[in-house]
Amino acid sequence: EDENDPVVGVSDLLPHLAKKQMEKSAKNVIEAEDLNITVGSIPLKGKEKEAVKAHVLTLLKEKYDIEEKDFISAEIEAVPAGKARDYGLDRSMIIGYGHDDRACAYTSLMALLEVEHPTKTLVCLLVDKEEVGSNGATGMHSKFFENIVAELIGLKEGFSEIKLRRAFSNSKMLSGDVSAAYDPNYPSVNEIKNTAFFGKGISINKYTGKDGKSGANDANPEFLAEIRNVFDKHNVAWQTSELGKVDEGGGGTISYIMANYGMQIVDAGVPVQNMHAPWEVASKVDIYETKQAYLAFLKEM
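Counting in this note's numbering, the sequence shown runs from 18 upward without gaps.
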């Protein structure tokens, strides 16, 4: 991030002229085809047609060596621009873009790097497309991880299907994904005895899913007991939670995909407020305890 770089953005309709927009249902107030990005307003000298576009293309060519034809194959993302900042007058929280799931990805990698002499194979697997179904070559439904394990088996002792299946079924995994932190502005969506709170550590979700357990992985109690014992042994602060009240909606993670291989897996991660908003909020304590929890898991399990 270069603080001297310009930013771009999506324009908003002024409320003085938003009478029809305000009559729409909430999910239709902002429609996908209206999310056009404003990138410039100065015309290129000597150009009569599409002069502003020509000027912007000149700037892109000068800085990034991107030409108009490159947009056909380019993958360009517009994300909330700005550094993460301390949140709260006591600076106890962090506000920033994409805690879901950068907070869990970062803590997972840091935990892995802290293990100095592992006695078994440890993996930090960072996957894409979770919010849109985990499909594609970089999503968890892809065979890329299965293929990597197969290659490793083949290099060591010769590949066989049964060895691959045994490797997966003998594995244990924490699915690092955020959970919903209790928000006193919206208390009605949570069941107070089964929700995550800021400052109480990593959140363990036995199951997620919609309308209860629909489409979810449901971790078995024996594995949860192992996790509890490991966290307690290493003095990790932890809590259990659901993703809101059963009838309020729900959500999912990648854990059900890996559970299909027969491995033991449970969702565990940082509680977050403002989930999926441009700026999400997480507790510093919970981020630290999540890293400690992942480290304890890697050392003991």
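The beta-carbon is built from N, C-alpha and C at its ideal position, and this holds for glycine as well.
Whole angstroms are fine: how far does the CA of residue j sit from the CA of residue i?
i, j, result
"Glu122", "Val140", "Note that residue 122 is Ala in the sequence shown here, rather than Glu. In a straight line, the C-alpha of Ala122 is about 12 angstroms away from that of Val140."
"Lys217", "Trp255", "6 angstroms"
"Lys37", "Asp51", "15 angstroms"
"Glu174", "Val149", "37 angstroms"
"His33", "Met39", "11 angstroms"
"Ala184", "Tyr278", "9 angstroms"
"Tyr273", "Leu74", "45 angstroms"
"Pro23", "Val166", "44 angstroms"
"Gly11", "Tyr203", "Given that the chain is displayed from residue 18 to residue 318, the structure contains no residue 11 and the question cannot be resolved."
"Glu94", "Ala35", "28 angstroms"
"Tyr114", "Ser205", "26 angstroms"
"Asp103", "Gly63", "48 angstroms"
"Leu315", "Thr270", "20 angstroms"
"Glu178", "Ala43", "50 angstroms"
"Glu48", "Asp29", "12 angstroms"
"Ile89", "Val27", "21 angstroms"
"Glu18", "Pro201", "34 angstroms"
"Met318", "Leu241", "12 angstroms"
"Lys100", "Val25", "15 angstroms"
"Ile244", "Lys230", "21 angstroms"
"Lys180", "Thr138", "15 angstroms"
"Thr225", "Phe176", "35 angstroms"
Just to confirm my understanding: we take residue i, look at its own chain, exclude 5 residues before and 5 after, and list those with CB closer than 8 angstroms. What are they?
i, result
"Ser349", "Outside the displayed span of the chain (18 to 318) sits residue 349, for which this structure offers no information."
"Glu131", "Leu312"
"Glu147", "Asp118, Gly156, Met157, Asp194, Thr270, Ile271"
"Asp264", "Asp228"
"Leu31", "none"
From the DSSP secondary-structure annotation, give me the bridge partner or partners of residue i.
i, result
"Asn222", "Asp284"
"Trp255", "Ile219"
"Gln290", "Val298"
"Val27", "Ile54"
"Asp103", "Ile111"
"Ser125", "Paired residue(s): none; Ser125 is not in a bridge."
"Ser231", "Lys227"
In this structure, how does DSSP classify residue i when only helix, strand and coil are distinguished?
i, result
"Leu260", "coil"
"Arg108", "coil"
"Leu74", "helix"
"Met275", "helix"
"Lys189", "strand"
"Asp210", "First, the amino acid is wrong: residue 210 is Lys here, not Asp. Reduced to three states, the DSSP call for Lys210 is helix."
"Lys36", "helix"
"Leu308", "A small correction: the amino acid at residue 308 is Lys; Leu does not occupy that position in the sequence shown. It is helical."
"Val247", "helix"
"Asp22", "coil"
"Ser196", "strand"
"Gly267", "strand"
"Tyr203", "coil"
"Phe161", "helix"
"Asp145", "coil"
"Leu139", "coil"
Considering only residues of the same chain and omitting the five flanking positions on each side of residue i, which have a CB-CB separation below 7 angstroms?
i, result
"Val69", "Gly57, Ser58, Ile59, Pro60"
"Met292", "Asp117, Val195, Ala197"
"Ala276", "Asn234, Ile282"
"Asn207", "Tyr199, Gly261, Lys262"
Within the present structure, is the beta-carbon of residue i separated from the nearest heavy atom of the ligand GTP by less than 7 angstroms?
i, result
"Trp296", "Ligands displayed in this structure: none; no statement on the ligand GTP is therefore possible."
What does a CB cutoff of less than 6 angstroms around residue i pick up in its chain, not counting 5 residues either side in sequence?
i, result
"Ala299", "Ile111, His116, Ala120, Val287, Val289"
"Trp296", "Ile112"
"Val302", "Gly216"
"His251", "Ala313"
### Task
Say whether the segment 170-189 touches the segment 148-162, bearing in mind that this needs 3 or more beta-carbon pairs closer than 8 angstroms, one atom from each stretch.
Segments in contact, no.
### Query
Would you call the segment 125-137 and the segment 300-311 in contact, with 3 or more CB pairs under 8 angstroms?
Taking a contact to require three or more Cβ pairs closer than 8 angstroms, the segment 125-137 and the segment 300-311 qualify as touching.
### the segment 269-284 / the segment 225-241 touching (three or more Cβ pairs under 8 angstroms)
The segment 269-284 is in contact with the segment 225-241.
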